[in-house]
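J.: Here the sequence shown is numbered in the UniProt record's numbering, starting from 1 and rising by one per residue.
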Amino acid sequence: MSADASLEELEARLVTFTEQLQNIHELLQSEPDNAEYLGIAKDLVEVIQLTKETIDLKLHAASFPKVVQEPQEPIPLELKYEPGSMVEALQQGVWYPAYIDSVTRNGSYNLKFLGFHTTAELNENALRAIEIDQVVELPVKEAITEGFHCQAKYYVDTVVYPCSITKVTELGFQVLFDTYGNSEEVPYEYLRPAASSLDAEVGTGDPQASTTNADDGASASNSTEAAPKVAPAVLFKPIKIPENLQILPSDTEAEKERKRKRLRAIKSLNRHKNIDNERNLKQHGWKSFQFKAKKKGLKQGVSGVLSKRGSSMFASPDTVQGRVGVVGSGQGMTSFQDTRSKKPKPS
Numbered sequence: 001m002s003a004d005a006s007l008e009e010l011e012a013r014l015v016t017f018t019e020q021l022q023n024i025h026e027l028l029q030s031e032p033d034n035a036e037y038l039g040i041a042k043d044l045v046e047v048i049q050l051t052k053e054t055i056d057l058k059l060h061a062a063s064f065p066k067v068v069q070e071p072q073e074p075i076p077l078e079l080k081y082e083p084g085s086m087v088e089a090l091q092q093g094v095w096y097p098a099y100i101d102s103v104t105r106n107g108s109y110n111l112k113f114l115g116f117h118t119t120a121e122l123n124e125n126a127l128r129a130i131e132i133d134q135v136v137e138l139p140v141k142e143a144i145t146e147g148f149h150c151q152a153k154y155y156v157d158t159v160v161y162p163c164s165i166t167k168v169t170e171l172g173f174q175v176l177f178d179t180y181g182n183s184e185e186v187p188y189e190y191l192r193p194a195a196s197s198l199d200a201e202v203g204t205g206d207p208q209a210s211t212t213n214a215d216d217g218a219s220a221s222n223s224t225e226a227a228p229k230v231a232p233a234v235l236f237k238p239i240k241i242p243e244n245l246q247i248l249p250s251d252t253e254a255e256k257e258r259k260r261k262r263l264r265a266i267k268s269l270n271r272h273k274n275i276d277n278e279r280n281l282k283q284h285g286w287k288s289f290q291f292k293a294k295k296k297g298l299k300q301g302v303s304g305v306l307s308k309r310g311s312s313m314f315a316s317p318d319t320v321q322g323r324v325g326v327v328g329s330g331q332g333m334t335s336f337q338d339t340r341s342k343k344p345k346p347s
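(1) On the three-pair Cβ rule with 8 Å, is the stretch 266–274 touching the stretch 239–253?
(2) Beta carbon of P87, beta carbon of L127: below 8 Å?
(3) If you count every other CB in all the chains shown that lies within 10 Å of the CB of P97, and 16 or more means buried, which is it?
(4) How many Å lie between K80 and V94 at the Cα?
(5) State buried or exposed for A200, treating a residue as buried only when at least 16 other CB atoms are found within 10 Å of its CB.
(6) Can you grab the Cα-Cα spacing for the pair C163 / E142, in whole Å?
(7) Could you check what DSSP says for R340 in three-state terms: helix, strand or coil?
(8) Let me know the secondary structure DSSP gives L291 once reduced to three states.
(9) Reducing DSSP to helix, strand and coil, say where L7 ends up.
(10) N335 and P317: beta carbons closer than 8 Å?
(11) Go ahead and label K52 buried or exposed: buried means 16 or more other beta carbons lie within 10 angstroms of its beta carbon, across all protein chains shown.
(12) Am I right that I144 and I165 are in contact with their C-beta atoms under 8 Å? What's the rounded C-beta distance?
(13) Mind the definition here: the stretch 42–49 touches the stretch 14–27 only if three or more C-beta pairs lie below 8 Å; say whether that holds.
(14) Reducing DSSP to helix, strand and coil, say where R105 ends up.
(15) Within a Cβ cutoff of 6 Å, which residues of the same chain sit near A5, ignoring the five residues on either side of it in sequence?
(16) Which value, in whole angstroms, describes the spacing of the CA atoms of Q151 and A120?
(17) Apart from the five residues on each side of it in sequence, which residues of its chain come closer than 8 Å, Cβ to Cβ, to K167?
(18) If you count every other CB in all the chains shown that lies within 10 Å of the CB of A226, and 16 or more means buried, which is it?
(19) Determine which residues share a DSSP beta bridge with E88 and list them.
(20) Among E78, I55, A129, A61, whose alpha-carbon lies nearest the alpha-carbon of A89?
(21) DSSP puts Y161 in a beta bridge; with which residues?
(22) Going by the DSSP bridge assignment, what does Q174 pair with across the sheet?
(23) If we count the other Cβ atoms within 10 Å of its Cβ and call it buried at 16 or more, is N125 buried or exposed?
(24) Rank L176, V140, V159 by C-alpha distance to the C-alpha of H149 and give the top, closest one.
(25) If distances are taken between C-alpha atoms only, which option among S85, K287, V326 comes closest to E189?
(26) Just checking my contact of Y155 with Y161 at CB under 8 Å: how many whole Å lie between their CB atoms?
(27) Tell me the residue span of the beta strand (DSSP E) that contains A120.
(28) Grab me the residues of L28's own chain with a C-beta within less than 6 Å of its C-beta, minus the 5 sequence neighbours each way, in chain order.
(29) Under a Cβ-count criterion, where at least 16 other Cβ atoms within 10 Å of its own Cβ denotes burial, should N123 be classed as buried or exposed?
(30) Run the CB neighbour count on V186, radius 10 Å, all protein chains shown included, and call it buried at 16 or more, exposed below.
(31) At the level of alpha carbons, what is the spacing between K273 and L235?
(32) Taking the beta carbon of N182 as the centre, do at least 16 other beta carbons fall within 10 Å, making it buried, or is it exposed?
(33) Can you list, in chain order, the residues of its chain whose CB lies under 6 Å from that of D101, leaving out five sequence neighbours each side?
(34) Please return the same chain residues whose Cβ sits closer than 8 Å to the Cβ of T18, not counting the five positions on each side in sequence.
(35) Could you check if R192 is buried or exposed, using at least 16 other CB atoms within 10 Å of its CB as the buried criterion?
(36) Does DSSP put R323 in a helix, a strand or coil?
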């Protein structure tokens with residue numbers, strides 16, 4: 001409402017607003033639960049009250065001389081979190097990453113939630129700072145680009161998982177988790193340095209037992225070189241379904257859909273792991289067969305198949321006198337050492 005309006009204009013507006021309120025009351029008698037009528041009536045009551053207060057102020061100002069007051073500076077609020085910073089906001093028992101967009105007059109915070117594109121107004125009791133103990137080991141935020149490998153905290157279980165940056169967003173980074181295959185938007189404060197050494201996949205053989213067997217074989221062998229061994233088949237562990245992915249009756253539809261998406265990704269990864277395990281077992285069986293054959297003294301044939309023959313019987317003979325297809329042709333008679341005794345017989 002304009003404060004420059006004259007007293008006559010304000011009185012005319014007051015009459016108009018009062019008549020409109022009476023009309024709304026008549027409509028509410030026939031439809032008492034109409035939300036639109038109730039809202040209009042509430043607004044009219046507030047406008048009428050403001051108009052009356054403005055009229056009283058003008059009447060009071062006309063009775064007394066105008067006193068010039070110096071403008072008062074607004075009392076500064078003590079902010080716990082600054083606008084433009086990242087925090088964690090509590091919603092339905094889960095701490096979500098959020099961006100502080102602005103602060104209201106009463107000290108509450110206007111937030112933007114990462115990954116959901118939603119906003120909310122919360123007080124400082126529902127916020128907490130993000131721990132940034134290992135962020136100092138990362139490159140500066142501006143230096144991180146697509147394809148950067150690191151680790152990131154997942155807001156649902158607060159566990160850090162290996163991931164890679166797929167996109168640089170306005171508020172943070174879009175990451176793809178290696179383990180579960182789901183994509184999330186996280187702030188820079190959620191990133192952690194990549195692990196220096198990743199856990200190797202578990203094979204079928206025990207590493208300690210393999211080392212012991214290798215030592216025993218080396219001590220029992222008469223050769224100076226260590227005997228070759230067949231490496232155990234590499235089997236990939238299936239990913240266990242986390243408990244936090246169980247769909248609960250209290251979950252929202254958005255949260256249920258996110259859990260189903262992660263479950264489908266885990267099942268797809270496990271299916272590929274099973275295919276790789278079957279292929280690795282077949283390769284390991286063939287390598288074991290070759291190793292056992294070589295250990296028995298068999299030689300590699302020209303066809304690539306293990307056999308006792310060093311070459312094919314249809315190969316070209318070594319001499320011009322040899323004939324194709326005749327084993328040993330052109331090599332002459334086999335010579336044998338005369339093992340008869342050379343001692344003279346007694347007379």
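Quick reminder that beta carbons are idealized off the backbone N, C-alpha and C, glycines included.
T.: In short, the structure shows the following:
(1) yes
(2) Counted from its first residue, the sequence shown places residue 87 at position 87. Counted from its first residue, the sequence shown places residue 127 at position 127. The residue you asked about is not Pro; residue 87 is Val in the sequence shown. The answer is yes: Cβ separation under 8 Å.
(3) Reading the sequence shown from its first residue, position 97 is the one you call residue 97. Buried is the call here.
(4) Within the sequence shown, the letter at position 80 stands for residue 80. Within the sequence shown, the letter at position 94 stands for residue 94. About 21 Å.
(5) Position 200 of the sequence shown, counting from 1, holds the residue named residue 200. Confidence at A200 is low in this model, with a pLDDT of 39, below 50, so its placement is unreliable and the value that follows should be read with caution. By the neighbour-count rule (16 or more Cβ atoms within 10 Å), A200 is not buried but exposed.
(6) Against the sequence shown, residue 163 aligns to sequence position 163. Against the sequence shown, residue 142 aligns to sequence position 142. Computed Cα separation, rounded: 18 Å.
(7) Locating residue 340 in the sequence shown gives position 340, counting from the first residue. Coil at R340, not helix or strand.
(8) Along the sequence shown, one-based indexing puts residue 291 at 291. The question names Leu, but residue 291 in the sequence shown is Phe. It is helical.
(9) Sequence index remark: in the sequence shown, residue 7 carries index 7 (1-based). Here L7 sits in helix by DSSP.
(10) To locate residue 335, count along the sequence shown from 1; it is residue 335. To locate residue 317, count along the sequence shown from 1; it is residue 317. Sequence check: residue 335 is Ser here, not Asn. Taking 8 Å as the Cβ cut-off, S335 and P317 do not qualify as a contacting pair.
(11) Within the sequence shown, numbered from 1, the residue matching residue 52 stands at position 52. Classification for K52: exposed.
(12) For this step, residue 144 is matched to residue 144 along the sequence shown. For this step, residue 165 is matched to residue 165 along the sequence shown. The pair is a contact, with the Cβ atoms about 6 Å apart (cut-off 8 Å).
(13) yes
(14) As a first step, residue 105 is located in the sequence shown; it is residue number 105 there, counting from the start. Coil.
(15) Position 5 of the sequence shown, counted from the start, is the residue given in the question as residue 5. Result list for A5: empty, nothing under 6 Å.
(16) Locating residue 151 in the sequence shown gives position 151, where the first residue counts as 1. Locating residue 120 in the sequence shown gives position 120, where the first residue counts as 1. For Q151 and A120, the distance between alpha carbons rounds to 28 Å.
(17) Translated into the one-based positions of the sequence shown, residue 167 becomes position 167. Hits under 8 Å: E146, F173, Q174.
(18) Here residue 226 refers to the residue found at position 226 of the sequence shown. Below a pLDDT of 50, predicted positions are generally treated as unreliable, and A226, at 48, falls in that range; no measurement from the model is reported.
(19) On the sequence shown, residue 88 is found 88 positions in, with the first residue counted as 1. Looking at the DSSP assignment, E88 forms a beta bridge with P97, R128.
(20) Numbered from its first residue, the sequence shown carries residue 89 at position 89. Residue A129 is the option with its Cα nearest to A89.
(21) Position 161 of the sequence shown, counting from 1, holds the residue named residue 161. Y161 pairs with A152.
(22) Position 174 of the sequence shown, counting from 1, holds the residue named residue 174. Q174 is bridged to K167, E185.
(23) Along the sequence shown, read from residue 1 onward, the residue named residue 125 stands at position 125. The residue is exposed, with fewer than 16 neighbouring Cβ atoms inside 10 Å.
(24) In the sequence shown, residue 149 corresponds to position 149, counting from 1. With distances taken between Cα atoms, H149 lies closest to L176.
(25) Residue 189 sits at position 189 when you count from the first residue of the sequence shown. Of the listed residues, the one whose Cα sits closest to E189 is S85.
(26) On the sequence shown, position 155 is the one that residue 155 refers to. On the sequence shown, position 161 is the one that residue 161 refers to. Incorrect: roughly 12 Å between the Cβ atoms, too far for contact.
(27) As a working note, residue 120 is residue 120 in the sequence shown. Its beta strand (DSSP E) spans residues 118–122.
(28) Within the sequence shown, the letter at position 28 stands for residue 28. Closer than 6 Å at Cβ, skipping near neighbours: Y37.
(29) Within the sequence shown, numbered from 1, the residue matching residue 123 stands at position 123. Exposed, because fewer than 16 other Cβ atoms sit within 10 Å of the Cβ of N123.
(30) Taking the sequence shown and counting its residues from 1, the one referred to as residue 186 is at position 186. V186 is buried by the Cβ-count criterion.
(31) Here residue 273 is taken as the residue at index 273 of the sequence shown, counted from 1. Here residue 235 is taken as the residue at index 235 of the sequence shown, counted from 1. Near 8 Å, if we compare the C-alpha coordinates of L235 and K273.
(32) Residue 182 sits at position 182 when you count from the first residue of the sequence shown. With 16 or more other Cβ atoms within 10 Å, it is buried.
(33) For this step, residue 101 is matched to residue 101 along the sequence shown. Answer for D101: N110, K112, listed in chain order.
(34) Residue numbering aside, residue 18 sits at position 18 when the sequence shown is read from its first letter. I48, listed in sequence order.
(35) What you label residue 192 is simply residue 192 of the sequence shown in a count that begins at 1. So R192 ends up on the buried side.
(36) Counted from its first residue, the sequence shown places residue 323 at position 323. Reduced to three states, the DSSP call for R323 is coil.
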